[in-house]
Amino acid sequence: MSQYWSPAVRHLTPYVPGEQPRQRLIKLNTNENPYPPAPGVGQALRDYATDHLRLYPDPTSLKLRETLAETFGIRPEQVFAGNGSDEVLAFAFQAFFCHGEPLDVPEITYSFYPVYAKLYGITLRRHPLNARWEIDLDALAHHSERSGVIFANPNAPTGHAHSLAAIEQLLQRVTDRVVLIDEAYVDFGAESAVALIERYPNLLVTGTFSKSRSLAGLRLGYALGAAELIEGLQRVKDSFNSYPVDSLASLVGCAALTDKEYFEACRERVITTRERTRQRLEALDFDVLPSQANFLFAQHDRLSGGEIFFALRERGILVRHFDTPELGNFLRISIGTDDEMESLIEALDVICR
Ligand code: PMP
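According to UniProt numbering, the sequence shown is numbered sequentially starting from 1.
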């Protein structure tokens with residue numbers, strides 16, 4: 001603790017990301033994609049070393065923004081690119097949510113929102129999930145004073161996603177403040193709210209290349225919304241005098257977006273493995289929440305999440321468990337390859353017997 005730190009920084013609890021093991025373990029703890037990125041990414045990397053590495057990046061990331069715009073059927077002015085969606089979220093907190101004013105957020109959701117709120121002096125108004133572990137959209141929309149709304153759809157760590165119709169109902173009620181929907185996991189079976197950005201100028205959708213595009217190592221994320229929201233993000237970014245993303249990320253990101261066939265095949269594979277794993281877990285007495293993400297959230301009917309976590313760890317398999325009172329029994333298991341999931345089930349069969 002240093003006397004020079006601001007009170008906000010003094011009270012920050014640093015985010016501890018899932019362990020990145022040095023030895024070869026079966027890694028099902030941080031929701032990465034188990035498959036490599038699209039084949040075109042390899043060629044883009046080779047071209048990069050010879051043609052682009054010595055040059056500064058395009059300060060507007062135009063090519064990447066154009067490719068994202070084409071992918072989502074919108075205009076480049078409606079696209080913002082950043083170094084991972086975590087950075088894009090940080091810019092959004094600074095651009096749209098106000099010091100001292102409340103931000104409506106589900107009680108159980110992505111753990112970075114409270115960190116940013118604390119850092120930027122934003123008060124969170126937390127709304128419990130309903131009895132089915134779903135985000136209570138009614139509660140989020142309930143308050144009429146000027147504040148923002150943020151949630152992940154599908155939610156993390158639960159995996160539940162609301163339908164587009166339910167989200168549109170929320171947008172019809174919350175018209176005077178920014179509604180930020182974090183779609184980090186949307187490609188694994190949920191409906192994207194990007195279809196609504198033309199009609200709702202206060203809707204900002206964030207996305208990432210870390211999950212369905214298999215590029216977590218690159219740090220590439222984006223926000224999609226009305227041009228005036230994108231301009232707000234741009235203002236925050238410009239105040240750091242930084243490039244939005246480096247030229248390597250732009251090039252590789254475009255290559256990953258362009259290979260639509262590979263993308264579809266890869267996400268279908270993850271979805272199929274998820275559903276198969278869910279049945280196998282249920283057969284081992286796990287209660288598994290329905291998931292539209294690339295992970296499953298499950299609790300065993302006798303053993304605690306902690307007990308199973310450590311027993312799996314001893315067998316070389318990493319998953320995530322949560323230490324909070326509400327989530328103490330749950331495990332979050334990322335979907336790996338079929339072989340990895342087979343090893344997981346074999347280990348659980350012994351542990352839970
Ligand atoms: N949103 C959610 C809900 C997440 O789970 C994550 C990844 N842990 C992120 C955003 C950040 O993703 P990235 O910074 O890799 O784009």
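Note that beta-carbon positions come from the ideal geometry of N, C-alpha and C, so glycine has one too.
Taking the beta strand (DSSP E) that residue i belongs to, which residues open and close that run?
i, result
"residue 82", "79-82"
"residue 106", "102-106"
"residue 125", "123-127"
"residue 288", "286-288"
"residue 205", "203-208"
"residue 327", "Run containing residue 327: none; DSSP gives neither H nor E here."
"residue 298", "295-300"
Looking only at C-alpha atoms, which of the options sits nearest to residue i?
i, options, result
"residue 96", "252, 177, 294 and 79", "177"
"residue 57", "250, 214, 111 and 7", "250"
"residue 212", "151, 269, 275 and 55", "269"
"residue 400", "118, 272, 108 and 252", "The chain is shown from 1 up to 353; residue 400 falls before or after that span and cannot be answered."
"residue 7", "31, 103, 121 and 63", "121"
"residue 197", "153, 229, 255 and 173", "229"
"residue 147", "185, 133, 101 and 127", "101"
"residue 297", "317, 274 and 311", "274"
"residue 292", "306, 202, 240 and 271", "271"
"residue 135", "200, 325, 162 and 110", "162"
"residue 45", "74, 27 and 252", "252"
"residue 365", "290, 312 and 258", "What is shown of the chain runs 1 to 353, which leaves residue 365 out entirely."
"residue 38", "55, 214 and 184", "214"
"residue 88", "160, 231 and 5", "231"
"residue 323", "157, 61 and 153", "157"
"residue 263", "36, 19 and 133", "36"
"residue 207", "239, 247, 240 and 154", "154"
"residue 12", "18, 1 and 21", "1"
"residue 342", "26, 98 and 10", "26"
"residue 52", "248, 303 and 282", "248"
"residue 327", "202, 337, 143 and 299", "299"
"residue 216", "124, 184, 239 and 234", "184"
"residue 337", "325, 321 and 295", "295"
What residue does the alpha helix (DSSP H) around residue i start on, and which one ends it?
i, result
"residue 270", "260-283"
"residue 221", "First-last for residue 221: 221-225, but that is the beta strand (DSSP E), not the alpha helix (DSSP H)."
"residue 187", "Run containing residue 187: none; DSSP gives neither H nor E here."
"residue 335", "Premise fails: residue 335 is in no alpha helix (DSSP H) and is neither H nor E."
"residue 314", "305-314"
"residue 9", "7-10"
Within the same chain, show all residues whose beta-carbon is closer than 6 Å to that of residue i, passing over the 5 residues directly before and after it, in chain order.
i, result
"residue 193", "167, 181 and 205"
"residue 141", "170, 173 and 174"
"residue 187", "212 and 267"
"residue 255", "40, 41 and 44"
"residue 164", "191"
"residue 108", "129"
"residue 236", "91, 94 and 95"
"residue 315", "347"
"residue 277", "341"
"residue 61", "81, 244, 245 and 250"
"residue 76", "65, 66 and 69"
"residue 201", "226"
With a threshold of 7 Å on Cβ separation, who are the neighbours of residue i within its own chain once the five nearest residues in sequence on each side are excluded?
i, result
"residue 243", "57 and 59"
"residue 113", "105 and 150"
"residue 301", "285 and 287"
"residue 303", "352"
"residue 110", "152, 156 and 182"
CB-CB under 8 Å to residue i, same chain, minus the five flanking residues each way: which ones, in chain order?
i, result
"residue 346", "none"
"residue 312", "318, 319, 344, 347, 348 and 351"
"residue 5", "none"
"residue 160", "132, 133, 134, 135, 154, 289, 290, 291 and 292"
"residue 126", "105, 106 and 107"
"residue 9", "119"
Between the segment 72-91 and the segment 213-223, are three or more C-beta pairs nearer than 8 Å? yes
Is it the case that the segment 23-36 contacts the segment 329-342, given that we only count it when at least three CB pairs across the two stretches are under 8 Å? yes
Runs of 4 residues minimum, wholly inside the segment 120-180: which ones carry the alpha helix (DSSP H) assignment? 137-141 and 164-173
Cβ pair count under 8 Å reaching 3, the segment 73-80 against the segment 225-240: yes
Between the segment 302-321 and the segment 36-55, do at least 3 Cβ pairs fall closer than 8 Å? no
Can you check the segment 21-88 for any beta strand (DSSP E) of at least 3 residues that lies completely inside it and give the ranges in chain order? 79-82
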